[in-house]
Structure formats: structure tokens, C-alpha cells
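Protein chains in written order, with this note's numbering: chain A, 1 to 320; chain B, 1 to 320. We put the CB at the ideal spot given by N, CA and C, even for glycine. If you're wondering where the values come from, they're calculated on a predicted model, not measured in any experiment. Reading through the C-alpha cells given below for one structure.
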């Protein structure tokens with residue numbers, strides 16, 4: 001295995017130390033929770049997290065204007081309820097705490113348990129579950145992927161405005177049905193803690209509908225040009241979306257350079273133009289990754305002026 | 001070749017369109033020059049560029065507080081003098097234009113010719129040459145690599161302060177001898193326009209002292225743990241540096257995820273502590289890449305309070 005690893009059992013701990021060294025507004029508590037140093041403002045606190053391996057998600061979004069704490073499990077492994085509880089307690093305010101959870105069985109269960117433990121300590125807490133990945137037909141089982149980053153920013157914006165816990169939750173819940181993502185990979189990720197690839201692809205194959213934990217996709221195809229790949233992903237998204245104006249994210253899976261993501265964005269815009277769709281805002285970069293996977297996802301969020309205002313608002317994260 | 005490419009002869013043009021779609025403060029002129037829309041301020045204008053493939057360098061640093069134009073050649077290919085001239089003319093002010101050139105024969109020659117052509121049009125223009133890569137012993141032949149991004153920001157800061165062309169040049173020239181970089185790769189880059197790797201490495205080998213154009217390094221070693229790799233690179237850097245306080249960049253080569261770069265940063269900090277060196281500022285991310293190369297470089301800039309102020313100052317680039 002060729003990865004930049006020292007002791008693979010310490011990979012996440014080492015990474016969190018490194019991320020925190022590079023951002024003096026952060027600190028690590030309870031070994032695996034990144035929190036803002038200037039927390040405890042008089043506003044709804046936002047906690048997210050999940051398995052590691054998706055950097056900059058979620059630790060990189062712990063910032064004024066986004067989330068207040070990120071609970072970081074081992075690579076592709078849900079954090080335990082006690083760690084989530086530590087995060088909640090560290091940032092809880094009288095306004096309450098909103099948990100932003102990606103829809104994976106382990107995450108949902110552990111955040112739920114942490115919520116119950118928090119309530120026993122008289123902390124006001126609620127949650128939203130992000131499930132934007134359309135690769136899975138059954139809506140109950142859809143995974144939370146890149147759209148989660150939009151949720152961090154939009155929730156962060158409303159929390160900063162002083163909205164109540166129920167109001168912030170309602171704002172996020174209005175976003176969720178209007179946000180859809182699908183991804184693809186040219187190469188699987190190599191998991192540094194195991195030395196294994198998530199799946200294997202031939203030299204001329206690509207995988208459509210991958211997850212962000214090295215999960216295989218929904219089908220495999222011979223490699224195509226970018227315009228063809230974009231059309232393929234958009235065809236899936238068009239089964240789900242409503243309207244003709246969208247906020248768009250072209251998200252890199254971690255191992256794909258910005259140059260290639262920009263090429264994707266250029267052909268996605270061409271596709272939009274051909275279909276008379278409007279791209280009101282475009283994000284291109286590594287927002288929610290799967291270690292060093294080569295590939296990208298497209299997220300479409302139905303346009304709303306308020307969402308643009310939220311996404312344009314200043315946040316202190318250098319990753320958004 | 002598995003790369004996100006449509007027509008490989010259009011790779012750079014497609015990429016520039018995509019980058020510009022994602023940043024509405026930019027526009028593309030003369031097919032390959034990225035310029036600020038709100039240019040022509042009453043300050044020294046800064047122009048940089050070179051071959052493409054180093055994204056976000058240089059196009060992503062075209063922003064208030066950094067550079068005013070980036071001339072983007074084909075992948076790993078110097079831009080031609082006429083394109084550089086277009087960039088100069090587009091941003092030139094009465095205060096003059098400073099060219100920030102990386103030390104490669106083609107770049108130096110073409111920027112020099114463009115400078116002569118500009119002078120014939122009565123544009124006041126000067127240049128600085130960045131040569132921070134210590135992998136090459138001969139100082140005349142040292143390449144400009146990741147440190148160039150620090151130069152963009154520091155020069156941008158002084159230009160914004162209203163310093164004259166000669167003053168900005170002098171500030172940058174004071175930085176250059178105090179900035180040193182060395183890089184390594186786990187995997188070479190795949191050049192999307194040729195389908196070729198820059199070099200080949202065995203499954204258990206790494207390359208030390210690589211360039212940012214797929215150039216081979218100065219030597220090859222069996223893969224090591226991060227602390228060993230960091231010690232190896234620092235041993236080279238310590239032959240060059242003076243002092244004990246440094247501004248540090250851990251720069252990803254494009255295909256290495258943020259998680260691994262953060263692990264590098266953590267062990268670099270440990271090395272600094274062991275050697276009683278001080279890290280006064282730390283940058284971790286993809287700043288000056290070589291397409292999808294897996295690896296990183298370390299840049300050390302001798303500490304100066306003014307440089308920290310410059311690097312901390314607000315810039316509108318989302319990549320710095």
C-alpha cells in the first residue's frame with residue numbers, strides 16, 4: 001500500500017491533529033471531536049459528523065457560519081454515541097442543538113442514542129437526516145452524500161440569523177426534498193487503514209452511482225468522454241428533479257484534480273444550456289470525498305433566492 | 001487512459017471555461033488568459049502563469065489581494081509571448097505591471113519577450129523569478145514550485161497597499177532567498193493530453209525531489225512511513241534554511257487527499273518540535289499541483305511578521 005500513513009491505527013487521530021494545526025480556530029476534544037474554540041454563542045448549535053475519509057467533511061466545516069462541532073469516527077465508521085454526546089455537550093446552548101446526520105444505519109442509530117442521552121441531561125436537541133444520493137431507488141435507504149455540505153452552510157446561515165431550533169430544522173427540512181446527488185468513479189479508493197480497495201475496475205471501466213465509502217455503484221460501463229458521462233448522470237437526476245433553475249455542486253471524490261472537475265463543470269453547463277436549465281450558482285471542488293477515489297458527483301439543489309443568500313454568506317471555513 | 005477529458009486538444013480551454021463558470025469575478029480573454037473583471041485599479045498589476053496542470057495555480061489565484069491575470073499555457077507548456085502580452089495589456093495600470101515567473105527556461109524566455117513587447121507599447125513592466133525547489137543543486141537551474149503561491153499572496157498584499165512597482169519587486173526579492181521547497185511522489189501524474197505517465201514507480205517505491213511537471217526526482221527509495229519521509233525531506237531543507245521560525249506549506253500534488261496531507265502536517269509539526277523549530281503559520285492543501293500526482297511538497301518560508309500579515313490578509317481567492 002502506498003499511502004501517507006504512519007501508524008494505520010492512528011490515521012484518524014493523526015489527521016485530526018494535522019487539520020487542527022492548520023486552523024487555529026479549532027480544537028480537538030475527546031480524541032475525535034473537532035469543535036470551534038469560540039463556541040457557545042447565543043444561537044442554535046450545529047453538530048454533524050460520521051465516519052472519516054470524507055475530508056474536508058466534516059471537520060473542515062467547523063467554522064463560524066457553518067457547523068459548531070464535527071464528530072469524526074474511524075475511516076468509514078460511524079462515531080460512537082458517547083463521542084457524539086461529548087460534541088453535543090461541548091457546543092450546546094439554551095437555543096438547543098441540531099444534529100445533521102447522513103442517512104446510514106450506523107450514523108442514524110448512534111446519533112439517535114446520543115440525542116436520547118442528551119435529553120436525559122436536559123439539553124434541547126433535534127436532528128435532520130440527509131439522504132440526497134439518488135443511486136438507491138428506495139428513498140428510505142438513500143445515503144447522505146455531497147448535499148450534506150449545502151445543508152451545513154444553509155443551516156449555519158439560519159442559525160447565525162438567530163432562528164430557533166424548530167425554525168432551523170424546518171428550513172433544512174424544506175431543503176432536503178429539493179436536493180439530489182449522483183456520483184461516479186474512474187478508480188476506487190484505497191482505504192489506508194486496511195490497504196484494500198473498495199472495489200476493482202478494469203483499465204477501461206467506470207462505475208456509476210458509487211457511494212462515498214468505497215461502495216460499488218449501481219452499474220458499470222466502459223469509459224466515456226465527459227459530455228457522455230455528464231449526460232448519463234443528468235439522465236438519472238432528471239428523473240428526480242423539479243423546476244429548471246438549480247444551484248449546482250461538482251464535487252471531487254478526493255483523487256481527481258481540480259482541472260478535471262472544471263472540465264466536468266464546463267460540459268455540465270453545456271448540458272444545462274441544451275436542456276434550457278439554469279445554473280444559478282456553481283461550486284466546483286473537493287467538498288465530500290471518499291479518500292483518494294477518482295471521480296465526481298453532481299448535486300442539484302432547486303434554486304431559491306434564500307439558498308443562494310445562505311450559500312453566498314460569509315463563513316470562516318477555508319474549505320467552502 | 002481514464003481521465004475526465006472530452007477532446008484532449010481542448011483540455012485547457014475546457015478547464016478554463018469551467019473554472020470561470022465557478023467564479024463570476026473572472027473572465028477568459030484571448031482563449032487562455034484569466035483576468036479579473038474588476039481590474040485596472042490604481043495599483044501595481046500582477047501577472048503570473050505558465051503551463052497548465054497546476055490548478056488551482058495560477059488561474060485560481062486571480063483575485064482581489066492576489067494576482068490580476070494568469071496566462072495559462074497548454075498542459076506543462078509555457079504560454080507564448082503574445083498571450084502573455086495580452087495579459088499584461090489587459091491589466092496594466094500607470095503604476096506598472098510585475099510579472100511573477102517560475103524559473104523554467106521556456107517561461108523565463110517567453111515572459112522576457114512579452115516584457116520587451118510591452119515596453120515597446122510604453123507599459124511599465126518588471127519581473128521576479130521564483131526558484132524555490134531545492135531538488136536541483138545548481139541554484140541557477142532551480143525550478144519555481146509551491147512557494148510561488150506565497151509570492152502571489154505577498155506581492156498581492158503589497159500591491160494592494162499601494163507600493164510602487166520597484167517597491168513590490170524589492171519586497172518579493174527579499175522573500176525569494178528565504179523560501180525553499182522540496183517534493184515527493186507516491187505515484188506519477190497521468191497527462192490527460194498524452195495519456196502518458198511522467199515516470200513509472202514500482203508498487204513499493206517513492207520518488208524524492210520530483211518536479212511539478214511529472215519530472216523524475218533526484219532519487220528513488222522504498223516506501224516509508226510519513227515520519228520517515230518528513231525527516232528525509234527536512235534533512236534536505238535543513239541544508240538550505242537559516243533561522244528557526246518558519247511559515248510552512250504542506251502542498252498536495254493533486255491526487256493526494258486532504259486526510260493524508262493532514263497526517264503529513266502532524267508529523268512535520270512533531271519534527272519541528274524535536275528540532276526546536278517553530279511553525280508560525282501552517283497551510284495544508286492543494287496549492288500548486290501536478291495534475292493527479294500523488295505526493296506532497298514542503299515549503300519553508302523564513303518567518304517575518306510582515307509575511308504573516310500578508311498571508312493572513314483577506315484575498316478573494318477561494319483557493320487560498
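Within chain A, partners of residue i - CB distance below 8 Å
i                      : result
residue 291 of chain B : 257, 259
residue 11 of chain B  : 259, 263
residue 52 of chain B  : 259
Listed by chain order, chain B residues near residue i by CB distance under 7 Å
i                      : result
residue 308 of chain A : Within chain B, no residue comes near residue 308 of chain A; the closest Cβ sits about 12 Å away, beyond 7 Å.
residue 282 of chain A : 21, 22
residue 17 of chain A  : 266
residue 226 of chain A : 4, 5, 6
residue 269 of chain A : 21
residue 223 of chain A : 2
Contacts of residue i in chain A (Cβ-Cβ under 7 Å)
i                      : result
residue 157 of chain B : Correct list: empty, because the minimum Cβ distance to chain A is about 17 Å.
residue 14 of chain B  : 263, 266
residue 56 of chain B  : 258
residue 288 of chain B : Correct list: empty, because the minimum Cβ distance to chain A is about 12 Å.
Contacts that residue i makes with chain B (C-beta to C-beta distance below 8 Å)
i                      : result
residue 186 of chain A : 2, 3, 4
Residues that residue i bridges to, as DSSP identifies them
i                      : result
residue 251 of chain B : B:285, B:297
residue 302 of chain A : A:246
residue 20 of chain A  : Paired residues: none, contrary to the question.
residue 65 of chain B  : DSSP output for residue 65 of chain B lists no bridge partner at all.
residue 48 of chain B  : B:70
residue 172 of chain B : Residue 172 of chain B is not bridged to any residue.
residue 27 of chain A  : A:35
residue 180 of chain B : B:300
residue 185 of chain A : A:207, A:295
residue 98 of chain A  : A:46, A:126
residue 191 of chain B : B:196
residue 75 of chain A  : A:52
For residue j and residue i, believed in contact at Cβ under 8 Å, the rounded distance
i                      : j                      : result
residue 155 of chain A : residue 91 of chain A  : Going by Cβ atoms, the distance from residue 155 of chain A to residue 91 of chain A rounds to 13 Å, so no, they are not a contact pair.
residue 18 of chain B  : residue 284 of chain A : 7 Å
residue 148 of chain A : residue 279 of chain A : Contact doesn't hold; Cβ gap of about 21 Å is too wide.
residue 21 of chain A  : residue 269 of chain B : 5 Å
residue 294 of chain B : residue 255 of chain B : 4 Å
residue 3 of chain A   : residue 190 of chain A : 6 Å
residue 329 of chain B : residue 211 of chain B : Past the boundaries of the shown model lies residue 329 of chain B; chain B is included only from 1 to 320, so the question cannot be answered.
residue 179 of chain B : residue 150 of chain B : 6 Å
residue 290 of chain B : residue 53 of chain B  : 6 Å
residue 169 of chain A : residue 126 of chain A : 5 Å
For residue i, the nearest candidate out of the options (CA to CA)
i                      : options                    : result
residue 183 of chain A : A:196, A:241, A:217        : A:217
residue 152 of chain A : A:111, A:171, A:305, A:113 : A:171
residue 274 of chain B : B:234, B:252, B:164        : B:234
residue 196 of chain A : A:42, A:75, A:71, A:43     : A:75
residue 298 of chain B : B:307, B:236, B:255        : B:236
residue 308 of chain B : B:291, B:282, B:319        : B:282
residue 310 of chain B : B:72, B:78, B:66           : B:66
residue 68 of chain A  : A:222, A:163, A:140, A:25  : A:25
residue 141 of chain A : A:108, A:187, A:271        : A:108
residue 271 of chain B : B:238, B:145, B:206, B:296 : B:238
residue 79 of chain B  : B:30, B:61, B:221, B:252   : B:30
residue 204 of chain B : B:277, B:224, B:213, B:215 : B:224
residue 56 of chain B  : B:277, B:71, B:43          : B:71
residue 77 of chain A  : A:247, A:194, A:317, A:313 : A:194
residue 318 of chain A : A:175, A:113, A:61         : A:61
residue 187 of chain A : A:52, A:85, A:253          : A:253
residue 33 of chain B  : B:41, B:300, B:267, B:14   : B:14
residue 116 of chain B : B:165, B:139, B:82         : B:82
residue 111 of chain B : B:94, B:240, B:130         : B:130
residue 320 of chain A : A:304, A:124, A:250, A:215 : A:250
residue 102 of chain B : B:41, B:59, B:93, B:146    : B:146
residue 296 of chain B : B:42, B:88, B:245, B:258   : B:258
residue 242 of chain B : B:264, B:220, B:175, B:207 : B:175
Under 9 Å from the C-beta of residue i: neighbouring residues of chain B
i                     : result
residue 43 of chain A : Here the premise fails: no neighbours, minimum Cβ distance about 24 Å.
Neighbour list for residue i in chain A, Cβ cutoff strictly below 9 Å
i                      : result
residue 254 of chain B : 255, 256, 257, 258, 259
Contact test: residue i Cβ vs the ligand FMN heavy atom, cutoff 7 Å
i                     : result
residue 31 of chain B : This structure does not include the ligand FMN; it has no bound ligands of any sort.
Problem set entry | Sequence ranges, beta strand (DSSP E) only - wholly within the segment 103 to 162 of chain B, length at least 3 | 125 to 130
Exercise. Which runs of the beta strand (DSSP E) spanning at least 3 residues fall entirely within the segment 263 to 292 of chain A, listed in chain order?
Worked result: 278 to 285
For this session: Identify every run of the alpha helix (DSSP H) within the segment 194 to 238 of chain A, keeping only runs that are complete inside it and at least 4 residues long; order them along the chain.
Result: 226 to 238
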